[in-house]
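According to this note's numbering, the residues represented by the sequence shown are 1 to 387, in order. We put the CB at the ideal spot given by N, CA and C, even for glycine. From a predicted model like this one, the values you see are computed outputs, not experimental measurements.
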Amino acid sequence: MAPNPAPSHTLSRPNAGRIRRPAAAAAAALTAVALLSACGYGSKADDKSSDTKANATATAGDSGAKLSADTVKIGYFANLTHGTPLVGLQEGIFQKELGATQIKTQVFNAGPAEIEALNAGSIDIGWLGPSPAINGYTKSDGKSLKIIGGSASGGVKLVVNPDKVSSLDDLKGKKIATPQLGNTQDVALLNYLAGKGYKVDAATGAGDVSVVRTDNKVTPDAYRQGSIDGAWVPEPTASKLVTLGAKVLLNEKDVWPDRKFVITNIIVSQKFLKEHPDVVEAVLRGSVKTNDFIKADSEKAKADANEAIRKAAGNALEPAVLDPAWADIDFLDDPLANTLQAEADHAVTAGLLKQPNLDGIYDLTLLNKVLAAQGRPAVADAGLGTK
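1. Identify the continuous alpha helix (DSSP H) that holds PRO179 and give its terminal residues.
2. Span of the alpha helix (DSSP H) holding ARG310?
3. Helix, strand or coil: how does DSSP classify LEU273 here?
4. Sort out for me which residues DSSP pairs PHE331 with in a bridge.
5. Do ILE294 and ALA301 have their CB atoms nearer than 8 Å?
6. Straight-line CA distance for ARG285 to ALA188?
7. For ALA431, which residues in the same chain have their Cβ closer than 7 Å to its Cβ, ignoring the five residues on either side in sequence?
8. How many angstroms separate the CA atom of ILE267 from the CA atom of ASP163?
9. Does DSSP classify ALA56 as helix, strand or coil?
10. Quick check: the region 112-124 against the region 245-263, are there 3 or more CB pairs under 8 Å?
11. Return the bridge partner residues of ASN251 from the DSSP annotation.
12. Per DSSP, what kind of secondary structure is LYS354 in: helix, strand or coil?
13. Quick test of your reading: LYS217 and VAL159, contact by CB under 8 Å. State the CB separation rounded to the nearest angstrom.
14. Considering only the beta carbon of each residue, do GLN270 and LYS146 sit closer than 8 Å?
15. Just reading off the alpha helix (DSSP H) that GLY83 is part of, what are its end residues?
16. Have a look at LEU352 and GLN180 and give me their C-alpha separation to the nearest angstrom.
17. Rounded to whole angstroms, what's the CA-CA distance from ASP419 to ASP323? Just pull it up for me.
18. Please confirm if the region 128-137 is in contact with the region 199-209, defined as three or more CB-CB distances below 8 Å between the two stretches.
19. Could you tell me which of ASP70, LYS66, PRO85 and LYS73 sits nearest to ASN265, measuring between CA atoms?
20. Among residues of its own chain, excluding the 5 on either side of GLU97, which ones have a beta-carbon nearer than 6 Å to its beta-carbon?
21. Helix or strand or just coil, what does DSSP make of ASN368?
22. In whole angstroms, give me the CA-to-CA distance for ASP258 and SER153.
23. When the Cα of ALA203 is compared with those of TYR192, GLY150, ASP186 and THR219, which residue comes out closest?
24. Checking contacts by CB at 8 Å: is TYR223 closer than that to chain C?
25. Measure the alpha-carbon distance for ASN191 versus SER131 and round it to whole angstroms.
26. For GLN355, which residues in the same chain have their Cβ closer than 6 Å to its Cβ, ignoring the five residues on either side in sequence?
27. Looking only at its own chain, which residues have a Cβ that is under 6 Å from the Cβ of PRO236, when we skip the five neighbours before and after it?
28. Whole angstroms is fine: what's the gap from LEU67's alpha carbon to ASP124's?
29. Going by the DSSP bridge assignment, what does THR455 pair with across the sheet?
30. What are the start and end residues of the beta strand (DSSP E) that includes TYR76?
31. What number of angstroms, rounded off, separates the C-alpha of PRO220 from the C-alpha of LYS175?
32. By how many angstroms is the C-alpha of SER166 removed from the C-alpha of ALA120?
33. What did DSSP end up calling VAL213 once you bin it into helix, strand or coil?
34. Spell out the partners DSSP gives ALA231 in its beta bridges.
35. At the level of alpha carbons, what is the spacing between PRO234 and PHE77?
36. Roughly how far, in whole angstroms, is the beta-carbon of LYS104 from the beta-carbon of LYS73, given that I think they are within contact range, below 8 Å?
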């Protein structure tokens, strides 16, 4: 893999020059194309909502205190990179922490829709990819949301037709799909290609390599029909392509220091955070305990996530897709804030985003309180925390 010199404005971090990683940030200001797909990869369900009945107990978690809100509205995607809410809701972990507070859920297909719902008060807390989180924050001049915790890392691969692409140096003239113009994987590919010396027009996708923006739901058919030669896509789309004969040419983990980069965060409405910090804290306790559950019993958690996907999207994932996809996702509490800044820098480098001001995008106070109660070290905000 050829090195990719880091631009002077790129976040300083170990091995930053290895490859200029894609960008969550592409989301922010694609003037021509403000649509960003976040992490709702391949879900077939329309945005939908449902209520979860609260437990009979009037207390929250182990605290014995009644929470300040009767209802909390939670948004997420029916997608494996949102495994924390899928598993935690399926197992009742969040409800146990929330006690009598009712959970109302809404399943989304795209990041912009979830941001709109957050801004409108239709949801209070959500699981969301880095690009739409940056987009929502910058477009509101830092007033709409806060990132309050991490959820997942990894789960993104470059997969190709082995009959057409034999190595990473064999991409010239090929057609490579990404989920959407300016989404996290789109910037990742543009960034990677630039590091290899290929010239591509970011807006049109035309150039030495053709970048084809294709919805993840139809990418497998496009591959099957031969209209694309490969794709830089999240799970489970990557593993679905492998079942069709594609091979993994690059795991995006390999271009990041420590093989970690943010793919899903937890966000909250600033208004809800201010008015109901106890409810937010309970949700964060549920998230931390769910991630512990996933680590302790990955097979059960995987089955939970697949059942939640079946309920929300109408069909479960087959084992040949589910197993490798699940294995490639790391569930964690750390939001990996340094990688969010790096992704934003890479979006700027790709020409898809003006330099965003991310100061204050994080408020990890409650997460660190939850972690401290369990004797765990605090997580960092990379200097982008609440001032």
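Judging by the given coordinates:
1. Premise fails: PRO179 is in no alpha helix (DSSP H) and is neither H nor E.
2. 298-313
3. Assigned with DSSP and collapsed to three states, LEU273 falls in helix.
4. Answer is ALA152.
5. yes
6. 32 Å
7. One cannot answer for residue 431 here, as it falls past the ends of the chain, which runs 1 to 387.
8. 42 Å
9. With a pLDDT of 32 at ALA56, under the threshold of 50, the predicted position of this residue should be treated as unreliable, and no value is reported.
10. no
11. LYS157
12. Under the three-state reduction of DSSP, LYS354 is assigned to coil, being neither helix nor strand.
13. That belief does not hold up - the Cβ atoms of LYS217 and VAL159 are roughly 16 Å apart, past 8 Å.
14. Contact: yes.
15. Boundaries of the alpha helix (DSSP H) harbouring GLY83: 83-91, taken from the DSSP string.
16. 12 Å
17. Nothing about residue 419 can be reported from this structure: the residues present for the chain run from 1 to 387 only.
18. no
19. PRO85
20. GLY61, ALA282, ARG285 and GLY286
21. Three-state result, ASN368: helix.
22. 11 Å
23. ASP186
24. The question asks about chain C, but that chain is absent: this structure has only one protein chain.
25. 15 Å
26. VAL348
27. LEU80, LEU317, VAL321 and ALA325
28. Their backbone Cα atoms lie some 15 Å apart in a straight line.
29. This structure cannot speak to residue 455, because the chain is shown only from 1 to 387.
30. 71-77
31. 14 Å
32. 48 Å
33. Rather than Val, the amino acid found at residue 213 in this sequence is Arg. Strand, per DSSP.
34. VAL159 and ALA177
35. 13 Å
36. 5 Å
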